[in-house]
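> Just so you know, the protein sequences line up as chains F and H, in that order. Each residue of the first sequence is one higher than the one before, counting from 2 in the working numbering. Each residue of the second sequence is one higher than the one before, counting from 2 in the working numbering.
Number of protein chains: 2
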Amino acid sequence: MITFIGLGLWDEKSMSLEAIEEAKGCDKLYAEFYTSKLFGTTAKKLEEIFGKPIEVLPREEVESGKNILEDAKGKKVGFLVAGDAMTATTHVDILLEAKKLGIETKIVHGSSIYTAAAGLAGLQIYKFGRATSLTFPQEGFLPDSPYNVISENLRGGMHTLVFLDIQPPKYMTANEGMQVLLDIEKKRKEDIFSQDTKIAVVARAGSDKPLVKFGKVKDLLQLDFGEPLHVMIVPGRLHFKEEEALQQWK
Amino acid sequence: MITFIGLGLWDEKSMSLEAIEEAKGCDKLYAEFYTSKLFGTTAKKLEEIFGKPIEVLPREEVESGKNILEDAKGKKVGFLVAGDAMTATTHVDILLEAKKLGIETKIVHGSSIYTAAAGLAGLQIYKFGRATSLTFPQEGFLPDSPYNVISENLRGGMHTLVFLDIQPPKYMTANEGMQVLLDIEKKRKEDIFSQDTKIAVVARAGSDKPLVKFGKVKDLLQLDFGEPLHVMIVPGRLHFKEEEALQQWK
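1. Along the chain, which unbroken stretches of the alpha helix (DSSP H) at least 4 residues long are found entirely within the stretch 5-59 of chain F?
2. Would you list the residues sitting across from residue 3 (chain F) in a DSSP beta bridge?
3. Rounded to the nearest angstrom, what separates residue 27 (chain F) and residue 250 (chain H) at their Cα positions?
4. What would DSSP say about residue 1 (chain F), mapped onto helix, strand or coil?
5. Leaving aside the five residues before and after residue 194 (chain H) along the sequence, list all residues of the same chain whose C-beta is less than 6 Å from its C-beta, in chain order.
6. Could you check which residue in H:207, H:60, H:179 and H:106 has the C-alpha nearest to that of residue 219 (chain H)?
7. If contacts are defined as beta-carbon pairs under 8 Å, then residue 81 (chain F) and residue 8 (chain F) qualify, I think. What distance do you get, rounded to the angstrom?
8. Measuring CB atoms only, is the stretch 31-49 of chain H touching the stretch 154-172 of chain H, in the sense that at least three cross pairs come out at less than 8 Å?
9. Return yes when the Cβ of residue 130 (chain F) is within less than 8 Å of the Cβ of residue 105 (chain F), no when it is not.
10. Pull out every residue of the stretch 13-44 of chain H whose Cβ sits closer than 8 Å to any Cβ of chain F, in chain order.
11. Pick from F:161, F:51, F:21 and F:78: whose alpha carbon is nearest that of residue 203 (chain F)?
12. Taking 8 Å as the CB-CB limit, is residue 195 (chain F) close to chain H?
13. Quick one: what does DSSP say residue 83 (chain H) is sitting in, helix, strand or coil?
14. Tell me the rounded alpha-carbon separation between residue 23 (chain H) and residue 175 (chain H).
15. On the CB-based measure, 16 or more other CB atoms within 10 Å of its CB, does residue 88 (chain H) come out buried or exposed?
16. Going along the chain, which residues of its own chain have a beta-carbon closer than 6 Å to the beta-carbon of residue 211 (chain H), five neighbours each way excluded?
17. Determine the chain F residues that contact residue 128 (chain H) at a beta-carbon separation under 8 Å, and present them in chain order.
18. Closest to residue 42 (chain F) by C-alpha separation, out of F:54, F:13 and F:98, would be which residue?
19. Mind checking residue 243 (chain F): buried by the 16 CB within 10 Å criterion, or exposed?
20. Under a Cβ-count criterion, where at least 16 other Cβ atoms within 10 Å of its own Cβ denotes burial, should residue 158 (chain H) be classed as buried or exposed?
21. For a cutoff of 8 Å on Cβ pairs, would you count residue 94 (chain F) as touching chain H?
22. Tell me which residues of the stretch 101-128 of chain H have at least one Cβ-Cβ distance to chain F shorter than 7 Å, keeping chain order.
23. Just the Cα atoms here: how many angstroms apart are residue 235 (chain F) and residue 119 (chain F)?
24. With distances taken from CA atoms, which of F:233, F:44 and F:188 is nearest residue 142 (chain F)?
25. Hey, how far is the Cα of residue 31 (chain F) from the Cα of residue 192 (chain H)?
26. Would residue 86 (chain F) count as contacting chain H if we go by Cβ distances under 8 Å?
27. Residues of the stretch 239-250 of chain H with a CB closer than 9 Å to any CB of chain F: list them in chain order, please.
28. What are the partner residues of residue 142 (chain H), as DSSP defines its beta bridges?
29. For my contact list, residue 116 (chain F) and residue 113 (chain H) are in at a C-beta cut-off of 8 Å; report their separation, rounded to the angstrom.
30. Under a CB-based cut-off of 8 Å, is residue 97 (chain H) close to chain F?
31. Could you confirm whether any beta carbon from chain H is found closer than 8 Å to the beta carbon of residue 159 (chain F)?
32. Note down, in chain order, every chain H residue with its Cβ under 8 Å from the Cβ of residue 90 (chain F).
33. Closer than 9 Å, Cβ to Cβ, to anything on chain F: give me those residues from the stretch 221-235 of chain H, in chain order.
34. What residue range does the alpha helix (DSSP H) around residue 221 (chain H) cover?
35. Threshold first: 4 residues or longer. Then list the alpha helix (DSSP H) segments lying entirely within the stretch 178-203 of chain H, N to C.
36. Which class does residue 97 (chain F) belong to by DSSP, given the choice of helix, strand or coil?
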């Protein structure tokens, strides 16, 4: 059996009682912290709470899913992930592979940046279009897809949640993210994301001291948002209550 | 001070350690269960865990926010809500009102149907467009907006999460929801939601026995999805992995 356990957003206190109970009841615990990560705690602290070791898997091993699936044939395996479970494609891949092998599966949900970022900023979650992710430019290559997603969402008046690349130990800052979008703008010139675009930055969601800032890109670029993780929100058409909410963060 | 506490999806075990700690530390606890509700537990059970009474507020009182704000001037007030905090507009209204009055605010996040429904179905969360809500028809009046949202999302290949009306003690079933959309289709005739449209139904997300079903509307209409809450997903363009995931639930 495999239980996919969402640990929530920030530290060990973000975990639900169910997550803790399930993890304690497993024979073997795996974790992956490369699609997301809890910045307020460590695998060691989680091991103390669960009373058993956690094997943190590198990307290749999660993608093959081999050890997890092998163990799950005879044992109760827990697969720990930050945020809600199943938000990363590879988690679904493992689940489907398990089903094929006749292995029972279960999902334990955790709090997620998808709703947390909107809530912290004070924006209405139902007004968000699809989310997008920025990656660190590789040899100058900048994929346009995030720009396209923002553009399509704006056309429908929708907000866009923009995830920033996670390549441990490198975590893209909102400043780097803004620069990536400005660079795409330079190429595309459709005035989707300029120095004057107003956006929101949310840092350390789920922690005791989350930071939200709202303003023009040129002003936000000067700020230091502190420790990761950061996300950005490019707002679409704003309801006056949303406008009022964002004004708090100037 | 007001702490907005998201309780998560289903029962007392859905709560995070932080939610419990914060609720225990409050002088006064309010709750609202009309925008969403925990079906696996009761206010009484939560009171036992927190060791103090919870005043469950009717819609009018939440909308005015009066008692909460009055109490929060001198006391530590906790406002308990199902799912993640701040997903309902009224919660943001109270927060903004509190800020105006100089009252400190804090948000404690919980697991939410937004990510849980996608995860349970095996669909990729980043492929969801904006969500929509169906309401019980009143005197034959059927607002078209949910149909428009689904239509726009489909045009962009995106999935749509469809919430179903909550009017305690009435909770719209997926069957009723499908009928509402079929009735709008009859009027609009744009072939957005027909008997042959394939959709997914997710019931009791966050419980030990969530149910997911995927199939044509005409077949799903014959099924009993059991106790609330139900949500529906109208899928857009499917990645082959998503197709594979949905095939599990036929």
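Note that CB positions come from ideal geometry on N, CA and C, so glycine has one too. All values reported here derive from a predicted model rather than from experimental measurement.
On the basis of the data shown:
1. 18-25 and 44-51
2. F:78 and F:106
3. Separation of residue 27 (chain F) and residue 250 (chain H) (C-alpha to C-alpha, rounded to the nearest whole angstrom) is 26 Å.
4. This structure cannot settle anything about residue 1 (chain F), because the visible part of chain F is limited to 2 through 251.
5. 182 and 186
6. H:179
7. 6 Å
8. yes
9. no
10. 13, 14, 15, 16, 17, 18, 19, 21 and 22
11. F:161
12. With 8 Å as the cut-off, residue 195 (chain F) does not count as an interface residue toward chain H.
13. Coil at residue 83 (chain H), not helix or strand.
14. 35 Å
15. buried
16. Within the same chain, 121 and 205 come within 6 Å of residue 211 (chain H) by CB-CB distance, once the 5 residues on both sides are set aside.
17. 131
18. F:13
19. buried
20. Burial call: exposed.
21. yes
22. 108, 110, 111, 112, 113, 115, 116, 117, 120, 121, 123, 125, 126, 127 and 128
23. 11 Å
24. F:188
25. 46 Å
26. yes
27. 240, 242, 243, 245, 246 and 249
28. H:139
29. 4 Å
30. Yes, its Cβ sits closer than 8 Å to a Cβ of chain F.
31. Under the 8 Å criterion on CB atoms, residue 159 (chain F) is classed as interfacial with respect to chain H.
32. 125 and 242
33. none
34. 218-221
35. none
36. helix
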